[in-house]
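Peer 1: Have a look at this one before I ask anything.
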Amino acid sequence: MRLSAFVAAVLLVLAVPQPATASPRSACFQGRVCLYAGFDFNRGQVDLWRDFVRDDPNFAGDTWLRWDYTDSHIGMDDGASSIRNRIGCPVTLWQHPYFTGAHSTFGSGGDAYLADDAIGNNRASSLDIWCR
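Position in the sequence shown (first residue = 1) + 1337 = the working numbering.
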């Protein structure tokens, strides 16, 4: 009887969904590229963010996450204002879907306010990660 209770407890722990690997409130964990709706990585603002581990050719279907990891249902396309790159290689944000238009490349470990770069504020529509 004790063994079945133990197995049930283990299965319950494994079945509970875990939060996304990135973090709200300006944090970005190693191995991720994080985009933020706020110009200062969301510090002191509405906390809308999203993290990536691979290319995304079109943000049109993506939505921001809230501080509590729930879906905001707010579209990401043309909505990013800052970026943190913790993936270990350069990444490029593009103005239009499928890697076209104005773009800015950010090295590993790079943090940037997009208004200061060629991509510009609230203009990103695709992300190219250069890890090969």
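Note that CB positions come from ideal geometry on N, CA and C, so glycine has one too.
Could you please give the first and the last residue of the uninterrupted beta strand (DSSP E) stretch that includes F1443?
Peer 2: T1437 to F1443
Peer 1: Looking only at C-alpha atoms, which of C1468, I1456, D1448 and L1402 sits nearest to D1415?
Peer 2: I1456
Peer 1: For my contact list, S1462 and F1376 are in at a C-beta cut-off of 8 Å; report their separation, rounded to the angstrom.
Peer 2: About 18 Å separates the two Cβ atoms, so there is no contact after all.
Peer 1: With a CB to CB cut of under 6 Å and the five nearest residues on each side skipped, what residues in its chain are close to C1426?
Peer 2: S1445, W1467 and C1468
Peer 1: Hey, would you say R1369 sits closer than 7 Å to D1399, going by beta carbons?
Peer 2: no
Peer 1: May I ask you to report which of helix, strand or coil DSSP gives L1464?
Peer 2: strand
Peer 1: Taking all protein chains shown into account, decide if R1390 is buried (16 or more other Cβ within 10 angstroms of its Cβ) or exposed.
Peer 2: Correcting the residue type first, residue 1390 is Val in the shown sequence and not Arg. Counting Cβ neighbours within 10 Å, V1390 comes out exposed, since fewer than 16 surround it.
Peer 1: Name, in chain order, the residues that DSSP records as bridge partners for L1372.
Peer 2: DSSP lists R1387 and I1420 as partners of L1372.
Peer 1: The beta strand (DSSP E) that contains I1411, what's its start and end?
Peer 2: D1408 to G1412
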